[in-house]
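Residue numbers (the working numbering): 1 to 238.
The beta carbon of each residue, even a glycine, is placed where N, CA and C say it ideally should be.
Report on the following structure.
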Amino acid sequence: MLYLLRFGYIILFIAINCLPNTSLCAQENKRENSLETGAWALQFQISRNFTLSRFEGSVISAKHHFSGKKSLRFGLSLNASISDVEQNSKQFASDTLRQILKADSDSDVQSIELNVQYLFYPSPEKEINLFLGVGPMIGFNRSNSETGSERETPNPVESTSKRTSKRWSLGISANLGAEWFATKSISFLAEYGLSLNYIWSKDSRTDSTTGIVIESENKSKFFNLSATSVRFGLSVYF
Numbered sequence: 001m002l003y004l005l006r007f008g009y010i011i012l013f014i015a016i017n018c019l020p021n022t023s024l025c026a027q028e029n030k031r032e033n034s035l036e037t038g039a040w041a042l043q044f045q046i047s048r049n050f051t052l053s054r055f056e057g058s059v060i061s062a063k064h065h066f067s068g069k070k071s072l073r074f075g076l077s078l079n080a081s082i083s084d085v086e087q088n089s090k091q092f093a094s095d096t097l098r099q100i101l102k103a104d105s106d107s108d109v110q111s112i113e114l115n116v117q118y119l120f121y122p123s124p125e126k127e128i129n130l131f132l133g134v135g136p137m138i139g140f141n142r143s144n145s146e147t148g149s150e151r152e153t154p155n156p157v158e159s160t161s162k163r164t165s166k167r168w169s170l171g172i173s174a175n176l177g178a179e180w181f182a183t184k185s186i187s188f189l190a191e192y193g194l195s196l197n198y199i200w201s202k203d204s205r206t207d208s209t210t211g212i213v214i215e216s217e218n219k220s221k222f223f224n225l226s227a228t229s230v231r232f233g234l235s236v237y238f
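Below you can see the structure in the form of structure tokens.
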């Protein structure tokens, strides 16, 4: 948390010194910014120890200005993974009883998330630029897993388990923040907000043991309201 306090002190110092009628914010020394028509920006989150990480999306987080006061920000996240595990073991309970276990498991996961926000800057000509944002959020996640095992004993036993999970989410987010330009092309920002999501999921499972099959399916729908903690970011304009 120490880096957050330091960053907060910097922003507070700038805000105090940018009050009207001070020399720092005098009209003749006005700092230039890139809040202008046609400007693009890539955004990164400032994490612990001042390392940069994703802001709105793991693939890309970008912003485009239609004017000094209006811009559109979007973030895209993608994820995919596949795993395959095999296991063979032998157990000897006695000289005459042998048990051999064979197990195999496969799984794959895919997810996609898109966040879009309309940002409004009331006074883009100021040293510290306040902004308001609102926009939709949509996401989808799917996972499949299958496990199988075989025991070779006096009475062989085979079992399999298959599971498929799907989850959809649709919501809206709103935020409030401030942006300060260190140079015309580089700015620092801090923001926080709220998000409301409607989530529905489906979980299907099939278990089979030596010919006995059990199938089950669970469905759920719910709303989720959450507050976004304060986050600090870096924008690079071009």
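Stretch pair the region 157-169 + the region 177-188: three plus CB contacts closer than 8 Å: no
Cβ-Cβ distance between PHE131 and LEU119 below 7 Å: Walking along the sequence shown from the start, residue 131 turns up at place 131. Walking along the sequence shown from the start, residue 119 turns up at place 119. Cβ atoms of PHE131 and LEU119: closer than 7 Å.
Proximity below 7 Å, CB of ALA174 to CB of LEU194: As a position in the sequence shown, residue 174 is number 174, starting the count at 1. As a position in the sequence shown, residue 194 is number 194, starting the count at 1. Their beta carbons are under 7 Å apart, which means ALA174 touches LEU194 by this criterion.
Whether ILE46 touches PHE232 by CB criterion (7 Å): Counting from one through the sequence shown, the residue named residue 46 turns up at place 46. Counting from one through the sequence shown, the residue named residue 232 turns up at place 232. Yes, the Cβ-Cβ distance between ILE46 and PHE232 is below 7 Å.
Contacting residues, own chain, Cβ-Cβ under 6 Å from GLN87 (five flanking each side not counted): Translated into the one-based positions of the sequence shown, residue 87 becomes position 87. Within the same chain, GLN87 has close Cβ partners ALA103.
Reduced DSSP secondary structure (H/G/I, E/B, other) of ARG73: Translated into positions along the sequence shown, residue 73 becomes position 73. Reduced to three states, the DSSP call for ARG73 is strand.
Short CB-CB distance (under 7 Å) between VAL236 and chain D: Here there is only one protein chain, and chain D is not present.
Near the ligand COA: GLU127 beta-carbon under 6 Å from a heavy atom: In terms of ligand content, the structure shown is empty, and the ligand COA therefore cannot be addressed.
Cβ-Cβ separation, SER169 to ASN197 (assumed contact under 8 Å), whole Å: Position 197 of the sequence shown, counting from 1, holds the residue named residue 197. Position 169 of the sequence shown, counting from 1, holds the residue named residue 169. Rounded, the Cβ-Cβ distance is 5 Å, consistent with contact.
Backbone secondary structure at PHE222 - three-state DSSP: The residue you call residue 222 lines up with position 222 of the sequence shown. In the structure shown, PHE222 sits in a strand (DSSP, three-state: E or B).
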